[in-house]
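Visitor: Okay, here's the structure, questions in a sec.
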Amino acid sequence: MSIDYFQTLVDYNFGENRKVWDECVMRLSDEQFMHDSGYSHGSIHAEVVHMMSGDWWWISRAQGKSPQQGLKAADYPTREITRAKWDEIEAEVRGFVDGLDDAGLAAPVQYTNPRGEVIDNHVWRILLHLCNHGLIHRAEILAIAAPMGGNTFDLSMMRYLYGGRY
Numbered sequence: 122m123s124i125d126y127f128q129t130l131v132d133y134n135f136g137e138n139r140k141v142w143d144e145c146v147m148r149l150s151d152e153q154f155m156h157d158s159g160y161s162h163g164s165i166h167a168e169v170v171h172m173m174s175g176d177w178w179w180i181s182r183a184q185g186k187s188p189q190q191g192l193k194a195a196d197y198p199t200r201e202i203t204r205a206k207w208d209e210i211e212a213e214v215r216g217f218v219d220g221l222d223d224a225g226l227a228a229p230v231q232y233t234n235p236r237g238e239v240i241d242n243h244v245w246r247i248l249l250h251l252c253n254h255g256l257i258h259r260a261e262i263l264a265i266a267a268p269m270g271g272n273t274f275d276l277s278m279m280r281y282l283y284g285g286r287y
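Counting in the numbering used here, the sequence shown runs from 122 upward without gaps.
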């Protein structure tokens, strides 16, 4: 495991989150942002809160904490409030990753899930899942936005790394 790899992955994850936010989410009307699509978590608002909740949930676990409940969309009623919380969570993730070295990535971590089960995991696996989770839900946001005329684009890591010249 290489910390350089995970720093690149985290940069990609949050860079693409911001791209989806700026180039898709912020171009939607409030009605489109809150519209229940019937797909995945329903609205783009709920998708975004689910994504940031996942980021918070998993970085908490990487730090050995045991959150028992995720963030709720009702607590983040506007894009401004949602973005502010997501910025806080992003800073927490980046700060944690910036403090790691290769040995820290391989470190075991234990937490208790909401069913009361004690889980043994590793920091690198949690970070990999956190970033993969983001990709899944960025794609879902674009899938929900497309029928409403929302902006969509390539989410690939190669496009991110090479600016579309791959």
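Where a beta carbon is used, it is the ideal one built from N, C-alpha and C, also for glycine.
From a predicted model like this one, the values you see are computed outputs, not experimental measurements.
Would you report the Cα separation of residue 246 and residue 214, rounded to the nearest angstrom?
Guide: When rounded, the distance between both Cα atoms is 14 Å.
Visitor: Is it buried or exposed, residue 135, if we count other Cβ atoms within 10 angstroms and call 16 or more buried?
Guide: Its Cβ being crowded by 16 or more others within 10 Å, residue 135 is buried.
Visitor: Expressed to the nearest angstrom, what Euclidean distance is found between the alpha-carbon atoms of residue 237 and residue 210?
Guide: In a straight line, the C-alpha of residue 237 is about 25 Å away from that of residue 210.
Visitor: Does the distance from the CB of residue 273 to the CB of residue 145 come in under 9 Å?
Guide: Taking 9 Å as the Cβ cut-off, residue 273 and residue 145 qualify as a contacting pair.
Visitor: Please report the distance separating the alpha-carbon of residue 275 from that of residue 186.
Guide: Distance between the alpha carbons of residue 275 and residue 186 is about 35 Å.
Visitor: Could you round the C-beta distance between residue 243 and residue 175 to whole angstroms and report it? I think they count as a contact, below 8 Å.
Guide: Their Cβ separation, rounded to whole angstroms, is 18 Å, which puts residue 243 and residue 175 out of contact at 8 Å.
Visitor: Given a threshold of 16 other Cβ atoms within 10 Å of its Cβ, counted over all protein chains shown, does residue 286 qualify as buried or as exposed?
Guide: Residue 286 comes out exposed.
Visitor: When you compare the CB positions of residue 179 and residue 250, do they come within less than 9 Å of one another, or not?
Guide: Yes, Cβ-Cβ distance for residue 179 and residue 250 is below 9 Å.
Visitor: Within the continuous beta strand (DSSP E) that includes residue 241, where are the two ends?
Guide: From DSSP, the beta strand (DSSP E) with residue 241 extends over 239 to 243.
Visitor: For residue 197, which beta-bridge partners are listed by DSSP?
Guide: Its beta-bridge partners do not exist; DSSP assigns none.
Visitor: Could you tell me the alpha carbon to alpha carbon distance between residue 220 and residue 263, rounded to whole angstroms?
Guide: So the alpha carbons of these two residues sit roughly 33 Å apart.
Visitor: Taking the alpha-carbon of residue 158 as reference, which of 267, 280 and 133 has the nearest alpha-carbon?
Guide: With distances taken between Cα atoms, residue 158 lies closest to 267.
Visitor: Could you give the residue range of the beta strand (DSSP E) that holds residue 169?
Guide: From DSSP, residue 169 is part of no beta strand (DSSP E) but of the alpha helix (DSSP H) over 165 to 183.
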